[in-house]
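Q: With the first letter of the sequence shown counted as 1, position 29 gets the number 182 in our numbering; the numbers rise by one all the way through.
Where a beta carbon is used, it is the ideal one built from N, C-alpha and C, also for glycine.
Since the structure is predicted, the reported quantities are computational estimates derived from the model, not experimental observations.
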Amino acid sequence: MDKNKEDKLKELEYDFVQDFIKLRKDNHLTQEAMANQSGVIRLTITRIENLITSPQINTLIKILEPIGYTVKIEPIDKKKKK
């Protein structure tokens, strides 16, 4: 993968994690509370938020579903316009 594509991928991952953190905080949840609701251990949420790990899709769905969200595929250009 060339440097430009790698940088873009890192930027998209960073943006996703920032949205993930904002969603958790907007729902007034600590990492521990989110873990308890989803059945995922808190360390997993911490590792996602600190960009230590890239979660599997089923893990994301398991975390997001209890607060009424899911994973969605959308065009990158649409994301930029928000």
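Whose CA, out of Glu218, Pro208 and Tyr167, lies closest to the CA of Asn189?
A: Glu218
Q: Please state whether the Cβ-Cβ distance between Met187 and Arg177 is less than 7 Å.
A: yes
Q: Ignore the nearest five residues each way along the sequence and tell me which others in Thr223's own chain have a CB closer than 8 Å to its CB.
A: Ile214 and Leu217
Q: By the 10 Å Cβ neighbour count, where 16 or more other Cβ atoms means buried, how is Ser207 classified, buried or exposed?
A: Looking at its Cβ environment, which holds fewer than 16 other Cβ atoms inside 10 Å, Ser207 is exposed.
Q: What's the call for Thr197, buried or exposed, on a 16-neighbour Cβ count within 10 Å?
A: buried
Q: Would you verify that the beta carbon of Met187 is, or is not, closer than 7 Å to some beta carbon of chain C?
A: Among the chains of the structure shown, chain C does not appear; only one protein chain is present.
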